[in-house]
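Engineer:
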Amino acid sequence: MHELSLCENLLDLLQDEARRHAFRRVTRIRLAVGRFACVDPDALRFAFDVVRRDTLADAAVVEIDQPPGLVWCGDCAREVEVPTRLSPCPDCGGLRLVPRGGDDLTLVELEVA
Ligand SMILES: [Zn+2]
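Set out below in structure tokens:
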């Protein structure tokens, strides 16, 4: 499962941070999942619950944001928001769209103890 490997990477990142900044517990995590990342937030939450057992993050509150997908429309010559990567431009219906990010998982905030 795609979500599971993302969560394993996230946990590796948290453990690296814990070593570097000498904290032992993660109390809150805020993630942003790009609209184009093909990641289902519910599946991500579920996968993280599996991966974090008996780790520094096992009691952390997890918040997942899903910011809108931004693309550059070559016809409108401006950035527009689209619900999926294959959606046409909401203004002109054009398909000359270039994604502006939104295809990854980002750690937005971390609270530690
Ligand atoms: Zn357009």
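Take the sequence shown: its letters are residues 30 to 142, numbered as in my numbering. The beta-carbon is built from N, C-alpha and C at its ideal position, and this holds for glycine as well. Just so it is clear, the structure is predicted and the values come from calculations on it, not from any experiment.
Do you know offhand how far leucine 115's Cα is from proline 70's?
Structural biologist: Leucine 115 and proline 70: Cα-Cα distance of roughly 19 Å.
Engineer: Taking C-alpha atoms, which residue in Arg81, Asp83, Phe65 lies nearest to glutamate 110?
Structural biologist: Here the closest residue by C-alpha is Phe65.
Engineer: Determine the direct distance from the alpha carbon of leucine 126 to that of valine 68, and round the result to whole angstroms.
Structural biologist: In a straight line, the C-alpha of valine 68 is about 21 Å away from that of leucine 126.
Engineer: Listed in chain order, which residues are found with a beta carbon closer than 5 Å to a heavy atom of ligand 1?
Structural biologist: Result (chain order): Cys102, Asp104, Cys105, Cys118, Asp120, Cys121, Gly123.
Engineer: Would you say leucine 40 and threonine 84 are within 8 Å of each other, going by their C-beta atoms?
Structural biologist: Yes, the pair counts as a contact, with Cβ atoms nearer than the cut-off.
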